[in-house]
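Q:
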Amino acid sequence: MPERPTNTPKKDAPGNADKPVDEWVTGDEPMTGAQASYLKTLCQEANVEFDPTLSKAEASKQIDALQVETGRS
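Per UniProt numbering, numbering through the sequence shown is continuous, rising by one, with the last residue being 73.
1) When you compare only the Cα positions, how much space is there between T53 and L39?
2) Which residues does DSSP pair with P30 in a beta bridge?
3) Nearest-angstrom Cα distance between V21 and S55?
4) Roughly how many angstroms lie between the CA atoms of S37 and Q62, to the nearest whole one?
5) Pull up the CB-CB distance for Q67 and S73, whole angstroms please, since I reckon it's below 8 Å.
Spelled out as C-alpha cells, the structure:
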C-alpha cells in the first residue's frame, strides 16, 4: 500500500503566522469574523472605538497593539 502524503510544510518555508502582515496576499480583504469578534473585545477593554471596515492586515496590527495595551500579549 503506498504511503499517504502528509500536509506538513517544508522546514524552510515560513508559515502564515511567520509572514509579516504587510506581505499577506489577502491582507487587503475584509477582516475575518474571528478577527472582528476578538478585536471588538479588545476595543471594549481598551476603551477604543471598533472599526468594522478594517482589512485583515489592519485588524491584525490593531489586535497586536491592543493586546499589548490590555496586557493580553
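All C-beta atoms in this analysis are idealised placements derived from N, C-alpha and C, irrespective of residue type, glycine included.
A: So, to answer that:
1) If I take the Cα positions, the gap works out to 12 Å.
2) S55.
3) For the pair V21 and S55, the Cα-to-Cα distance works out to about 11 Å.
4) 13 Å
5) 4 Å
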